[in-house]
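Same order as they appear, the protein sequences are chains A and B. Mapped onto this note's numbering, the consecutive letters of the first sequence carry residue numbers 117 to 379. Mapped onto this note's numbering, the consecutive letters of the second sequence carry residue numbers 36 to 484.
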Amino acid sequence: MVHVSATPVLALRGVSKRFGAVQALTDVELEVHAGEVVALVGDNGAGKSTLVKTIAGVHPIDEGVIEWEGRPVSITKPHDAQGLGVATVYQDLALCDNLDVVGNLFLGRELLHRGAIDEVTMEKQARELLSTLSIRIPSVRIPIASLSGGQRQVVAIARALIGDPKVVILDEPTAALGVEQTAQVLDLVERLRERDLGVILISHNMADVKAVADTVAVLRLGKNNGFFPVKSTSHEDIIAAITGATDNAVTRRAERRSTEAAK
Amino acid sequence: MSDTSNTVKGKGSPKDEKADAAVEAPTTVAPADDPTAAPVPVVDPRLLVREEGLKGYITEFKRKVKGGELGSLPVFIGLIIIWTIFQLKNDRFLSADNLSNISYFLSATGMLAIGLVFVLLLGEIDLSVGSVSGLASTVFAVFVVNHGMNGWLALILTIITGIGIGALHGWFFAKIGVPAFVVTLAGFLGWNGLMLWLLGSSGTINIPADSGPVHLFGQNSFFMDQAIVGAYLLAGLGVVLMLVGSFNDQRRRKAAGVPFRPTSEILLRAGLLAVASFVAAATLNNSAGVSNALVIFLAALVVVDFVLRRTTYGRKVFAVGGGIEAARRAGINVPMVRITVFAISGGFAALGGMFFAGQTASATLNAGGGNTLMLAIAAAVIGGTSLFGGRGSVWSALLGMLVIQSIQTGLDLLNMNTSIQYMITGAVLLGAVVIDSVSRKSQKAAGRA
């Protein structure tokens, strides 16, 4: 199910980020290929959000290189990331409640027809996009305020796709959703992969990660703590990497002993 | 609720049937217990759907009112009540002359209300429009009378002054972060002070009203010099423009295979507009004709309506009013939108001030004072623009002003003194805001806000 291309669409090489005295990210590596879903997991404060924000251009990196399709690029503001083809769906969806679905999908990128907003073409494209993603909402002309949480989430994700991105970052897309809505969003993530997009999925929910991700990248205390192919890794191994269960007094002692014994 | 299978306004072309099936849930919603099922054309019983025909309109209308989407309903009810009461008290109220008076005097405060609609759409308030309008009339008088400047040049400079003042308010609000309420309250006092200082010892500057903008905005200036055909021409133009626009839209929507308005509905709407506008035209013709002030006001409404609904700038205004964070993430320059909106408000306030100057052919100490500000805010809110931002239309300036000016003129006709007028204006403003707040509450309850 993984069709991984040779050159990653997006690659982070030795990225570090400091906020004052806090070292938020240290030498972080990450690769995302086209048609690959990379789950980014880690405990609270592990640096997931910071990492995503560096990719999205909210926080410029201090050290390291971001490579886009093999070329080093500089991402210093959100506009740079959008220009490259990175679309981010944040946890707080940030949709305009008063605008309808079409208005929200095209917000900031309205199509024009003789200088005026082209509602007809926008509506047509919105319907086409939603139907290719099998998104079901009552109508594309109702205000976002009338939609349920799950429907808002899929609209927010669909909105990220309007600009034809190559990498989509989803920040906890299923955190506030019910069983069926979660399934719909996971379906949607799989459809993004089928469209050959690279997906970075942040989630605390191991079931979701196991369900859709190809690779799991674990962050712990701002550093990489392992990359795991989902298929061949057990739930427990990932949890252990997240919590650092393998890194404690007992294991350290065992390690020390073994190195001493080797001498 | 209804089980009718034919629920969307128009049917897509056959090739779009599949897209319809997936997207347009009124016709197709998969059963909730089976998320993987292919979309099957069944009606989700939870969805409120629109029926065809007249009955559909009535149920839709009832549902909207219950859901707090009152639209222009309070205006029409208010107008009927107000006109009935005043007509019973004084049978000259609904005479052509009096209605013509209402139509003329509503345009000045209406201009202020147009600017306020922009600010209200952001969910903010501009308390300075009254003072700015007074200052504008004085600035214009100083340019023309004291410096002998050409009237039209003075008009342009005056409007630029208003835009500058508004932009200054917007800058303090958007860049410094001072609440708009406080900035414009300071402006309310400060610009009034500047006006008093400019007028100085003389107190009043009379502006020659035989030509130039002051004549145009004055009471004796009529569209096409009172030609009977003028009013009907305007009414006809409005109806034709609406028909052309609607059918054009229908044609493009048909071609694109998205739901469109049925011809019967377009004709019904155009018919209603035609009746309203031709009755208004006939009434005004029975008196003196259509005042140029009203024509300019209506033209401004059409232009601003287009800007708000059909341009990216208008969309940005609505977006900032609906969610600042969402707007910012969509790449909208929020401070720019805020500053320009306040600049627009200042510009329309200045233009409104010119209308006031036209009414009296002078710049006076009490121009733009008294209840001008309250009336303008009340007009925008009564007309259906929400104080909470993101919802409204510029036509609320016209509808609200019809109500407000009817009350003003009616009270004048009954020789009520200022004390009573202030109390009634205050009550009307409070009433409008109460309606807005209550309708917002029920919108929340109905999941629409």
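All C-beta atoms, glycine included, are put in the ideal place defined by N, C-alpha and C.
Judged by DSSP in its simplified three-state form, Asp-303(A) adopts helix. If you look at Ile-285(A), you'll find it in the beta strand (DSSP E) that goes 283-287. Taking 8 angstroms as the threshold, the shortest C-beta distance from Gly-425(B) to chain A falls below it. Collapsing the DSSP output to three states places Gly-201(A) in coil. According to the DSSP assignment, Gly-225(B) belongs to the alpha helix (DSSP H) that extends over 215-234. One Cα belongs to Leu-333(B), the other to Asp-234(A), and the distance between them is close to 25 angstroms.
Per DSSP, the beta-bridge partners of Val-131(A) are Val-144(A). Look at Leu-228(A) here: in three-state DSSP terms it is strand.
Residues of the same chain with a CB within less than 8 angstroms of the CB of Ile-318(A), apart from the 5 flanking positions on each side, are Ala-155, Leu-156, Val-157, Lys-164, Ser-165, Val-168, Ile-285, Leu-286, Asp-287 and Glu-288 in chain order. Between Gly-418(B) and Ala-143(B), the CB-CB gap reaches or exceeds 8 angstroms.
Along the segment 201-230 of chain A, going in chain order, the ones with a CB nearer than 9 angstroms to a CB of chain B are Thr-204, Tyr-206, Asp-208, Leu-209, Ala-210, Leu-211, Cys-212, Asp-213, Asn-214, Leu-215, Gly-219, Asn-220, Phe-222, Leu-223, Gly-224, Arg-225, Glu-226, Leu-228 and His-229. Residues of the segment 167-196 of chain A that bring their beta carbon within less than 8 angstroms of a beta carbon in chain B comprise Pro-194 and His-195, in sequence order.
Phe-252(B) sits in coil when the DSSP states are folded into three classes, being neither helix nor strand.
Boundaries of the beta strand (DSSP E) around Thr-331(A): 331-336.
For Lys-289(B), the enclosing alpha helix (DSSP H) begins and ends at 263-291. Taken in chain order, the complete alpha helix (DSSP H) segments of 4 or more residues contained in the segment 315-356 of chain B are 327-345. For Arg-187(A), the beta-bridge partners assigned by DSSP are Trp-184(A). Interface criterion not met: the Cβ of Thr-420(B) is under 8 angstroms from no Cβ in chain A. Here the segment 438-455 of chain B lies against the segment 411-430 of chain B, with 3 or more beta-carbon pairs under 8 angstroms apart. Nearest in C-alpha terms to Asp-284(B), of all of Ile-177(A), Ala-232(A), Val-366(A) and Leu-141(A), is Ala-232(A). Per DSSP, Asn-125(B) is not a residue of any beta strand (DSSP E), being assigned neither H nor E. Less than 8 angstroms divides the Cβ of Gly-180(A) from the Cβ of Gly-130(A). Within the segment 236-251 of chain A, those residues whose Cβ lies closer than 7 angstroms to any Cβ of chain B are, in chain order, Val-236, Thr-237, Glu-239, Lys-240, Arg-243, Glu-244, Leu-246, Ser-247 and Ser-250. For Asn-220(A), the uninterrupted alpha helix (DSSP H) run begins and ends at 217-221, by DSSP. Glu-95(B) does not reach chain A, its nearest Cβ partner there being about 13 angstroms away, counting only Cβ pairs nearer than 8 angstroms.
With a threshold of 8 angstroms between beta carbons, Val-293(B) makes contact with chain A.
Around the beta carbon of Val-283(A), 16 or more other beta carbons lie within 10 angstroms, which makes this residue buried.
Annotation note: the segment 144-185 of chain B contains the following uninterrupted alpha helix (DSSP H) runs of length 4 or greater, listed N- to C-terminal: 164-176. Using a C-beta cut-off of 8 angstroms, the segment 350-362 of chain B makes no contact with the segment 126-141 of chain B, since fewer than three inter-stretch Cβ pairs fall below that distance. Any Cβ of chain B closer than 8 angstroms to the Cβ of Ile-233(A) would place that residue at the interface, and such an atom is present.
Among the residues facing chain A, Gly-356(B) is included, as its CB has a counterpart in that chain under 8 angstroms away. Exclusion of the five residues before and after Ala-171(B) leaves Thr-193, Gly-197, Ala-385 and Gly-388 as the residues of its chain whose Cβ lies within less than 6 angstroms of its Cβ.
DSSP places Gly-342(A) outside any alpha helix (DSSP H); the residue lies instead in the beta strand (DSSP E), whose first and last residues are 339-345.
Contacts between Arg-345(B) and chain A, judged by CB atoms closer than 7 angstroms, involve Ala-232 and Ile-233 in chain order. In this structure, the CA atom of Glu-371(A) is about 28 angstroms from the CA atom of Leu-146(A).
By the neighbour-count definition (other C-beta atoms within 10 Å, threshold 16), His-195(A) is an exposed residue.
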